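Worksheet: one structure, shown below.
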């Protein structure tokens, strides 16, 4: 543990930067999360460079968003989530199809090859539920119909993203195997169904399960074991780790210790989540965007990303009225860390170059920054129609 | 964050292994911490190999022990610590001199060169206050006179360790610069005095400091910022990061939010500390110890480590009576992660070879495992003399 100085300093720097950003934005009456991301931009490689993207800071960011989604899962009732199932399905599917088609067509029209078009389209379809659910949580709106639709749609979205990413990776590698793509999707759906049905059944039969072990002074550590296990399993089969964490929270919420679990998880999540938001900001590469051409491309792709996701998700949710559909459409817009991961995979496979990578990361961060400020008003308007 | 699967799986494995060990030892009426370390031996490279020692797992272990010492600091009263100052000073100094002399003489008698003798002696002087303070905490004895002496002595111990390590590193590199050794020690002592005097003065003048920022819904995040900052600073000047974390806790305890801070830190520390204990176990290299000669060496060095530290610390604490001196002497015995770090530095500098490294790590883990089972009785006996 002798190399500790540097990494402790980086964690200190990002926490301070995120919290200064939080402080400033909160005093301005704006969403703190935007300040935490901007704090990451300032502390990160783009400006001060006291904080870097490496194995350790990536881990803290990953655990931050895993804990956030676990916490959201604990606070969500499965019953409520299933009630909005059909709408969430429509939002998830249309919210993938429209951005995918938009991204694909735009890349083809601009003369990009098939692999580039596939990765750009994949990056445009990704939704980062971490950002929206954090804002919904802060505003006490996770429990609203719109909030539940967004959560449900994010799960559907991620299953479809597996399919698109495996096709894109196949195209970049020179060949797509339909059977392996299909089996990935089947495994992902099976995982979700088995965890939700099996997990809730086990805990409903034995509600004290989380505090039965002698080592469990409270439900926290058994909960963390379930969270890490399901997050790892989800990541292993190609889903986002946060989907596993969310399902773990959903299942753990069936325990008799739900309230104690919420109370114990809250400080752990509060400690970790700033590392996630700061990490997103630290991805921004200002040097890579320092040309008129790159800025033009960034503006075009960002507008396409916002418009296509909003339209797709809006259409999926339109049955619930314009106000609810506006909230859902806007809530699905942030690409956050998911868009950045997809762009990174495209860069690694050679399908997209460093310039496009910087642009896609910029798009992911901008879509993430523009959403929180408008959400409070959309939530109030949507709540007006009753629930 | 695409490489997440593997590291999530490793964190899951070590948490499960540590908690199974905890469960078994607690059911046997033994200290859980021993089970968590043994869980790390089983999950780690020595047996199952599902958990490895890498940048990410090291970070979680480091943050685990940093949080543990921060928590201990918050629960310690500076006033009480200063009251046992003279005894702690004697324990710290004698608890370093006797093991150092023992280790140095043993290495010289066995025909080792000066650099080997210096590093072996340095590894024997190291004290891991993390282990003892965890057991004292579990038993509610942090607040006892013996507990405070151990904490105070550990700080003195670490200042002396800087001096010894810098001399040892100098010897291995071919030359010792007395001026630079002296300046390291002066800086370390200054750091401790400035943090304690300055920090407590600031917080006593403004007791609400930790919750003054708008971002602070409670004292946790400001406390974590102070903890990470002082841990990084301590590590930067050559002290152990945990000394900085302990001082941060000591200072933060002067806040009006002390109780709220304790309540918020508890779940975060509970989540992290198993990664620290498991990590210690995972260092064990059974293959490197699989010979009669290595086992003989291990037995000899371990006995020397236990006897020399016990005798030195016992003599330092004898003014408080035999029972208190026995508790303090025994409580100083664990070498834990500090002994492992020193051995690692010796290995890196070429002063000790891979075989001696395995033996020293084995000694560090054994001294750590033998202490907790005897502490409860020593604490009861010592408490008998009143406080």
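Chains as they are written, first to last, in the working numbering: chain A, 1 to 387; chain B, 1001 to 1387.
Cβ atoms here follow ideal geometry from the backbone N, Cα and C, with glycine treated the same way.
Since this is a predicted model, take the numbers as computed values, not measurements.
Taking C-beta atoms as the reference points, residue 232 (chain A) and residue 1057 (chain B) fail to come closer than 8 Å. Sequence-distant partners of residue 1376 (chain B) (beyond 5 residues in either direction) whose C-beta falls short of 7 Å from its own C-beta, in its chain, are 1139.
If the five residues before and after residue 1116 (chain B) are omitted, its C-beta is found closer than 6 Å to the C-beta atoms of 1107, 1351 and 1352, all from its own chain and listed in chain order.
In this structure the stretch 1081-1093 of chain B touches the stretch 1139-1157 of chain B; the number of beta carbon pairs closer than 8 Å is three or more.
Inclusion of residue 1357 (chain B) and residue 1347 (chain B) in the CB contact set at 8 Å is warranted, their separation being smaller than that value. As the crow flies, the alpha-carbon of residue 1054 (chain B) is around 11 Å from that of residue 1044 (chain B). Taking 9 Å as the Cβ-Cβ cut-off, the stretch 50-82 of chain A approaches chain B at 54, 55, 56, 58, 59, 60, 61, 62, 63, 65 and 66, given in chain order.
For the stretch 1220-1248 of chain B, the residues whose beta carbon sits under 7 Å from a beta carbon of chain A are, in order, 1220, 1221, 1224, 1225, 1228, 1229, 1231, 1232, 1235, 1236 and 1241. The beta carbon of residue 100 (chain A) lies closer than 6 Å to those of 121 and 125 in the same chain, with the five residues before and after it left out.
Within chain B, the residues 1023 have their CB atoms less than 7 Å from the CB of residue 213 (chain A), given in chain order.
Among the residues of chain B, none has a CB under 9 Å from the CB of residue 206 (chain A); the nearest is roughly 17 Å distant.
Looking at B:1193, B:1174, B:1162 and B:1328, the one whose alpha-carbon comes closest to that of residue 1183 (chain B) is B:1162.
Distance check between residue 213 (chain A) and each of B:1020, B:1202, B:1011 and B:1291 places B:1020 closest, using alpha-carbon atoms only.
Our two residues, residue 70 (chain A) and residue 1008 (chain B), have alpha carbons roughly 14 Å apart in a direct line.
Taking C-beta atoms as the reference points, residue 96 (chain A) and residue 160 (chain A) count as a pair closer than 8 Å. Pairwise C-beta distances place the stretch 1163-1174 of chain B out of contact with the stretch 1134-1149 of chain B, as fewer than three of them are shorter than 8 Å. Put simply, the CB of residue 47 (chain A) is far from chain B, with every gap to its CB atoms at 8 Å or more. Contacts between residue 27 (chain A) and chain B, judged by CB atoms closer than 7 Å, involve 1214 in chain order. When DSSP states are grouped into helix, strand and coil, residue 237 (chain A) belongs to the coil group. At a cut-off of 8 Å between C-beta atoms, residue 1268 (chain B) counts as an interface residue with respect to chain A. Given a length threshold of 3 residues, the stretch 1175-1251 of chain B has no whole run of the beta strand (DSSP E) inside it. DSSP, reduced to helix, strand and coil, places residue 256 (chain A) outside both helices and strands of the structure shown, so it counts as coil. With contacts defined by Cβ atoms closer than 8 Å, residue 1281 (chain B) and residue 1039 (chain B) form a contacting pair. In this structure, DSSP gives residue 1170 (chain B) a helical state, which the three-state scheme calls helix. For residue 119 (chain A), no CB of chain B lies under 8 Å from its own CB, so it is not counted at the interface with that chain.
Out of B:1072, B:1036, B:1291 and B:1271, the CA that lies nearest to the CA of residue 67 (chain A) is found in B:1271. A contact between stretches requires three or more CB pairs, one per stretch, nearer than 8 Å, and the stretch 1252-1264 of chain B meets this requirement with the stretch 1201-1208 of chain B. Residues 150, 331, 334 and 371 of the same chain have their beta carbon placed closer than 7 Å to that of residue 132 (chain A), with the five preceding and five following residues left out of the count. Taking 4 residues as the shortest admissible run, the stretch 1013-1076 of chain B contains the following complete alpha helix (DSSP H) segments, listed from N- to C-terminal end: 1032-1043 and 1055-1074. Residue 1033 (chain B) sits close to residue 1277 (chain B), with the two beta carbons spaced by under 8 Å. Interface annotation, residue 1012 (chain B): in contact with chain A, CB-CB separation under 8 Å. The contact set of residue 1043 (chain B) on chain A, defined by CB atoms closer than 8 Å, is empty, because the minimum CB distance reaches about 13 Å. In the DSSP assignment, residue 1087 (chain B) falls within the unbroken alpha helix (DSSP H) covering 1085-1109.
Here residue 1022 (chain B) is buried: its Cβ has 16 or more other Cβ atoms, across all protein chains shown, within 10 Å. For a Cβ distance threshold of 8 Å, residue set 215 of chain A lies close to residue 1032 (chain B), ordered along the chain. Of all residues in the stretch 348-372 of chain A, none places a beta-carbon less than 7 Å from a beta-carbon of chain B.
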